[in-house]
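J.: Have a look at this one before I ask anything.
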Amino acid sequence: MSKRYVQRSPFSRKKFVIDALIDVDLEIAPKCMTALVGESGCGKSTLASCLVMLERPDRGGIWFEGNEVSRCDAAELAVLRPRLQMVFQDSAGALNPRFTAGQIVAEPLEIQGGESAKNLRSRAGELMEEVGLSADWIDRRPLEFSGGQRQRLAIARAIALKPAFLVLDESLSGLDLSTQAQILNLLLDLKTVHSLTYLLISHDLSLVGQIAEFVAVMHQGRIVEQGTRQEIFGQPQHAHTRDLLNSCRVMESAFHTAGGRS
Amino acid sequence: MWTPDTVPSGASPLLSVRGLTVNYSGDRQSVSALSGVSLDLAPGEIVGIVGESGSGKSTLALSILGLLPAKTSVAGSIRLHDKDLLPMDESSWRAIRGARISMIFQEPGLALSPVMRVGDQIAEVIRAHRPGSRQARKRESEALLSEVRLADAERIYQAYPHQLSGGQLHRVAIAQAVACRPGVVIADEATRSLDGTIQAEIMEVLREVNRKFGSALVFITHNPALLAGFADRVLVMYAGRIVEEGPVTEVFRRPLHPYTKGLLRLAPRYPQQAAGLAQDRLPAIPGSLTDADRLTQGCVFEPRCSARTAVCSSEFPNQATPEPGRRVSCFNYGN
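Protein chains in written order, with this note's numbering: chain S, 496 to 757; chain Z, 128 to 462.
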């Protein structure tokens, strides 16, 4: 699969051509957590946008549960969309500040229709409880929550339609270590309960190394290596993977020398 | 040329904060951001401050720079070379900021002006604090860009922020911060938005300028693993207080406060170690920092603490000094 962005300069006839994705092949195993790692600008987010059909690839295709989603028309997409959901990096930007928590979480259900207002509210409360938020906070607005709580809210919204596949685009990177750990634990619990498949996009290899079952490494628009966590971390084949691992290793060995967790 | 701040022999600390208490007053209620924070900074040392968002790290940094919002009540003292900074007026602060104490912000892309060449933004700092010709300032700014290991300093000098990468902008911000050879440089989450490899490079540059210019560095982060092999001392902040302090090697080898212990269990581990593990839950610390807001008495960490005892809910533990150079605020640190 490939994706090229062409940007016209507002001041001249010059065109900027960016090959964001080049012949990307990626398989995501069902009911597993696959991590996509790479440095900023390597194309991770473009790939995510294509996967949830916010962008269409120029060449190649994307298949989801047997359907080629990259060729679907609007009506077919409307049926598929509830099955694929995305959680963004910046929870403050992803949640409408004028909505209450209950409205945010219930919005996907409302769009699908067929539920009474009373049902929507009680469903929103259940979803909030499920992600570890108190249903008493249903009338609070996003800015009254902490960063970690807002990310829980975004997750509650993402699972409202009982999707099969969740794309988490740097959803943990703005958070503190202790909050990251809590959210990761929540994701693991939800995965078991709802048989979810995750694509966890991150630039932080040490984070995904603790948790993902499969890892794909991206570099300059290409997937340079993919395999199980054991393969990628045990016998990295590509030079770029080794570079990424080394930058973690330097920090880790300094941490041990300094006496941490010996 | 401005000389680095040096401590007269016999050595009082360069910067000394005592009993700093900061309350932000809102419309309905006031929020306590810092309660009784004390710390000393020796010339040239690197001190790491670690804590999660909301723990008061940034408020501490802003206090030291005199940048707190107007409607803030501040008590305690901040002394630079035995001069109390808190009672100073704005013009005295301006003479200190950038020259004696400077700051590197989290997002250099936002901290730098988008409509000014980055070199001129460094020269501007020099001009604010020191006489000299325009050419001399330009030469000096270019030299600073080379110091932070930006190849082709002349070209970078002429660039606008949007023409530079994130890593390059961080280097410009460092050059700007050390332009007047300040005694104290505060880096507030300066590497948070960077990838691992670039983060390591930037920290190496910070260490180099710290050695070369003798500026003491206060490095604020939420990730204790960054401090290993980098900082001399670490202060652990929780809910507006310093709950533990000591040399990095000692604190990491044998953390005393339950919060420090929990935090270090979470520090990123090298994936190979984790590679054999099944998909286990992480050792998260239950609860959240906001649990401390409800407390009127007792230890701020008590609601999340696994080692709490009866006394913890009624009194805040005073600082104990279990060994020279270490401080901890916990009743049960020995257990």
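From the three backbone atoms N, C-alpha and C, an ideal C-beta is built for every residue, glycine too. The model shown is predicted, which means the values in this text are computed figures rather than measured ones.
Given this structure, state the Cα-to-Cα distance separating F74(Z) from V312(Z), to the nearest angstrom.
T.: The requested residue 74(Z) is not part of the displayed model; chain Z covers only 128 to 462.
J.: Can you list, in chain order, the residues of its chain with a C-beta nearer than 8 Å to that of S320(Z)? Leave out the 5 residues immediately preceding and following it.
T.: Excluding residues within five positions, the ones whose Cβ falls inside 8 Å are Q233, E234, G293.
J.: Just checking my contact of M581(S) with V547(S) at CB under 8 Å: how many whole Å lie between their CB atoms?
T.: Yes, they are in contact, since the Cβ atoms of M581(S) and V547(S) sit about 5 Å apart, within 8 Å.
J.: Judging by CA-CA distance, which residue of V361(Z), A226(Z), R308(Z), S180(Z) is the nearest neighbour of G452(Z)?
T.: Of the listed residues, the one whose Cα sits closest to G452(Z) is V361(Z).
J.: Scan the segment 655-674 of chain S for residues whose Cβ lies nearer than 9 Å to a Cβ of chain Z and list them as they occur along the chain.
T.: Hits within the stretch, in order: S668, G669, L670, D671, L672, S673, T674.
J.: Would you say D553(S) reaches chain Z, if we count a Cβ-Cβ gap shorter than 8 Å as a contact?
T.: So, not an interface residue.
J.: Provide the residue(s) that pair with K210(Z) in DSSP beta bridges, ordered along the chain.
T.: Paired residues: L207(Z).
J.: Short of 7 Å Cβ to Cβ, which residues in the segment 532-559 of chain S face chain Z?
T.: Within the segment 532-559 of chain S, the residues whose Cβ lies closer than 7 Å to some Cβ of chain Z are E534, S535, listed in chain order.
J.: Given a threshold of 16 other Cβ atoms within 10 Å of its Cβ, counted over all protein chains shown, does G461(Z) qualify as buried or as exposed?
T.: Classification for G461(Z): exposed.
J.: What's the gap between the Cα of R380(Z) and the Cα of M243(Z)?
T.: Spanning the two alpha carbons is a distance of roughly 47 Å.
J.: Can you name the start and end residues of the beta strand (DSSP E) that M528(S) belongs to?
T.: Element bounds for M528(S): 528-532.
J.: Which residues of the segment 636-649 of chain S have a Cβ closer than 9 Å to any Cβ of chain Z? Give them in chain order.
T.: Answer in chain order: S641, G642, G643, Q644.
J.: I want to know whether the segment 356-373 of chain Z touches the segment 170-179 of chain Z - three or more CB-CB distances under 8 Å.
T.: Output reads yes: the segment 170-179 of chain Z touches the segment 356-373 of chain Z.
J.: Once DSSP output is grouped into helix, strand and coil, what is the label at S565(S)?
T.: Helix, per DSSP.
J.: With 16 as the cutoff for other CB atoms within 10 Å, does L194(Z) come out buried or exposed?
T.: L194(Z) is exposed by the Cβ-count criterion.
J.: Run through DSSP, which three-state label would I599(S) get?
T.: I599(S): helix per DSSP, three-state reduction.
J.: Can you give the Cα-Cα distance for C743(S) and L679(S), rounded to whole angstroms?
T.: If you take the alpha carbons of C743(S) and L679(S), they lie about 20 Å apart.
J.: Hey, quick one: how far does the alpha helix (DSSP H) through G722(S) stretch, first residue to last?
T.: That residue, G722(S), is in no alpha helix (DSSP H); its beta strand (DSSP E) goes 717-723.
J.: Taking 6 Å as the limit between beta carbons, can you name the residues of its chain near A630(S), skipping five residues before and five after?
T.: The answer, listed in chain order, is G620, M623, E624.
J.: Closer than 7 Å by beta-carbon distance: list the chain S residues that pair up with R408(Z), in chain order.
T.: Correct list: N680, L683.
J.: So what does M230(Z) bridge to, in DSSP terms?
T.: Answer by DSSP bridge pairing, in chain order: I313(Z).
J.: With which residues is M581(S) paired in a DSSP beta bridge?
T.: Beta-bridge pairing links M581(S) to V662(S).
J.: Could you compute how far the alpha carbon of Q285(Z) sits from the alpha carbon of R308(Z)?
T.: Going from the Cα of Q285(Z) to the Cα of R308(Z) covers about 23 Å.
J.: Of the residues D699(S), G716(S), T723(S), A749(S), which one's Cα is nearest the Cα of D738(S)?
T.: Ranking D699(S), G716(S), T723(S), A749(S) by Cα distance to D738(S) puts D699(S) first.
J.: Within 10 Å of its beta-carbon, does A314(Z) have 16 or more other beta-carbons around it, so buried, or fewer, so exposed?
T.: Per the 10 Å Cβ criterion, buried.
J.: By how many angstroms is the C-alpha of K539(S) removed from the C-alpha of P637(S)?
T.: Between P637(S) and K539(S), the C-alpha separation is close to 27 Å.
J.: Any beta-carbon of chain Z closer than 8 Å to the one on S617(S)?
T.: Judged by the 8 Å Cβ criterion, S617(S) is not in contact with chain Z.
J.: Going by beta carbon distance, what residues of the same chain come within less than 7 Å of P592(S), once the five residues before and after it are set aside?
T.: So the qualifying residues of the chain are R636, P637, L638.
J.: Any Cβ of chain Z within less than 8 Å of the Cβ of F750(S)?
T.: Answer yes: the Cβ-Cβ gap between F750(S) and chain Z drops below 8 Å somewhere.
J.: Do you know offhand how far N562(S)'s Cα is from S162(Z)'s?
T.: Rounded to whole angstroms, N562(S) to S162(Z) spans 59 Å at the Cα level.
J.: Where I696(S) and L661(S) are concerned, what is the direct C-alpha to C-alpha distance, given to the nearest angstrom?
T.: In a straight line, the C-alpha of I696(S) is about 11 Å away from that of L661(S).
J.: Counting only beta-carbon separations shorter than 8 Å, does I463(Z) have a partner in chain S?
T.: The structure shown does not extend to residue 463(Z), since chain Z is modelled only from 128 to 462, so the question has no answer here.
J.: Taking only the alpha-carbon atoms, compute the straight-line gap between Q424(Z) and R155(Z) and give it to the nearest angstrom.
T.: Their backbone Cα atoms lie some 21 Å apart in a straight line.
J.: DSSP on R319(Z), reduced to helix/strand/coil?
T.: If DSSP states are grouped into helix, strand and coil, R319(Z) belongs with coil.
J.: Could you work out which residues of chain S lie near L390(Z), taking near to mean beta carbons separated by less than 8 Å?
T.: Per Cβ cutoff of 8 Å: L672, S673.
J.: Would the segment 267-274 of chain Z count as touching the segment 295-308 of chain Z if we require 3 or more Cβ pairs under 8 Å?
T.: Counting Cβ pairs under 8 Å, three or more are found: they touch.
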